[in-house]
Amino acid sequence: QQQVKQSPQSLIVQKGGISIINCAYENTAFDYFPWYQQFPGKGPALLIAIRPDVSEKKEGRFTISFNKSAKQFSLHIMDSQPGDSATYFCAASTDKLIFGTGTRLQVFP
Amino acid sequence: NAGVTQTPKFRVLKTGQSMTLLCAQDMNHEYMYWYRQDPGMGLRLIHYSVGEGTTAKGEVPDGYNVSRLKKQNFLLGLESAAPSQTSVYFCASSNGQVHGYTFGSGTRLTVV
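Quick mapping for you: the protein sequence lines, in order, are chains A and B. Under our numbering, residues 1 to 109 are what the first sequence spells out, in order. Under our numbering, residues 110 to 221 are what the second sequence spells out, in order.
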């Protein structure tokens, strides 16, 4: 049973466009929601994270939107660039990270 | 800065063979984790450790064993490899705070 559901599985965006990846969870005990970015042949690296007492967090072109009542959170990448092409994982945690299934983002020039 | 180092990077095993994957971290982190990554399934937690001498089961522990004899090392063992264990294995460590996860670069294991 997937505790954290992520969509879409893959995403193609034009350079300069907005990339949106969505995640949903069931366990209301989760208290930390990070996003990880993974390039081919590398391990995942923390991109941005949010706690449930905040509805939005922005770091540069990356924004997390969090809807506690709907148990959903999303990653928005503004002005998407070819260098953003990677696999993105959402995750949720109480004491250890549970990951979503990943989204492969391709940004074309 | 080495961070988290995994060895080997690649390995091919025959069904029934055994092997050990080594994870070493130089950040003095208390917590260490083993994940496996499969297409369409994300990263799934196999086992983890909250300190030297401790281990605990994650989401998919069957067929694997772990040991944490030294704080800086976390070993993942496969006693009798099966094709279903073909995967990319990632080790991670943290300082106890969830945002502090540092991942290694992975071990690609193929069981034939």
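Every residue gets a Cβ at the ideal spot worked out from N, C-alpha and C, and that includes glycine.
Burial state of residue i, where buried means 16 or more other Cβ atoms lie within 10 Å
i      : result
M141/B : buried
P8/A   : exposed
L130/B : buried
S102/B : There is simply no residue 102/B to check, as chain B begins at 110 and stops at 221 in what is shown.
Q134/B : buried
R145/B : buried
V113/B : buried
P44/A  : buried
Residue i, enclosing beta strand (DSSP E) - first and last residue
i      : result
S188/B : Reading off the sequence shown, one finds Glu at residue 188/B, where the question assumed Ser. Neither: E188/B is in no beta strand (DSSP E) and is coded neither H nor E.
G151/B : 151-158
L131/B : 128-134
E123/A : Outside the shown range of chain A, which is 1 to 109, sits residue 123/A, and nothing can be said about it.
N137/B : Careful: N137/B lies outside any beta strand (DSSP E) and carries neither H nor E.
P34/A  : 33-38
K5/A   : 4-7
S196/B : 196-203
L46/A  : 45-50
L11/A  : 10-14
R120/B : 119-122
I77/A  : 72-77
G105/A : Checking the displayed sequence, the identity of residue 105/A turns out to be Leu instead of Gly. Note, L105/A: beta strand (DSSP E), 103-108.
I66/A  : Strictly speaking, residue 66/A in this sequence is Phe, with Ile absent from that position. It spans 62-67 - the beta strand (DSSP E) in which F66/A sits, taken as one unbroken run.
T113/B : For clarity, residue 113/B is Val in the given sequence; the question names Thr instead. Here the beta strand (DSSP E) through V113/B covers 113-116.
S176/B : 174-176
I98/A  : 97-99
6 Å Cβ shell around residue i - same chain, five flanking residues per side excluded
i      : result
I12/A  : Q106
T195/B : T219, V220
T116/B : L131
S80/A  : V13, G17, S19, V107
R217/B : F119, V197
N22/A  : S7, S74
L154/B : Y144, G167, E168
When the options are compared against residue i, the one with the closest alpha-carbon
i      : options                        : result
F73/A  : A29/A, I98/A, W35/A            : W35/A
F199/B : R120/B, L122/B, W143/B         : W143/B
L185/B : S158/B, T211/B, S193/B, P192/B : S158/B
L97/A  : K57/A, K15/A, A29/A, F62/A     : A29/A
I50/A  : F39/A, K15/A, A86/A, F62/A     : F62/A
G215/B : K42/A, S85/A, I48/A            : K42/A
Q181/B : L122/B, V169/B, M136/B, E168/B : M136/B
K71/A  : P52/A, I77/A, I48/A, Y88/A     : P52/A
N27/A  : H76/A, S85/A, K68/A            : K68/A
F89/A  : D171/B, V121/B, D147/B, F183/B : D147/B
Beta-carbon proximity list for residue i, same chain, < 7 Å, skipping 5 on both sides
i      : result
L46/A  : P34, Y36
G125/B : S189, A190
P109/A : K15, P82
K166/B : H156
Whole-number beta carbon distance between residue j and residue i, since they are thought to touch under 8 Å
i      : j      : result
S127/B : L187/B : 6 Å
S10/A  : T94/A  : 29 Å between Cβ atoms; not a contact.
Close-in-space but distant-in-sequence residues of the same chain around residue i (CB under 8 Å, 5 per side omitted)
i      : result
G213/B : G112, V113, T114, Q115, C132, F199, C200, A201
A91/A  : V4, F33, P34, W35, Y36, L97, I98, F99, G100
G162/B : R177, L178
V54/A  : F66
T211/B : G112, V113, Q134, M136, H138, A201, S202, S203
Residue-level contact to chain E via CB, residue i, 8 Å cutoff
i      : result
S214/B : The structure shown contains no chain E; its protein chains are A and B.
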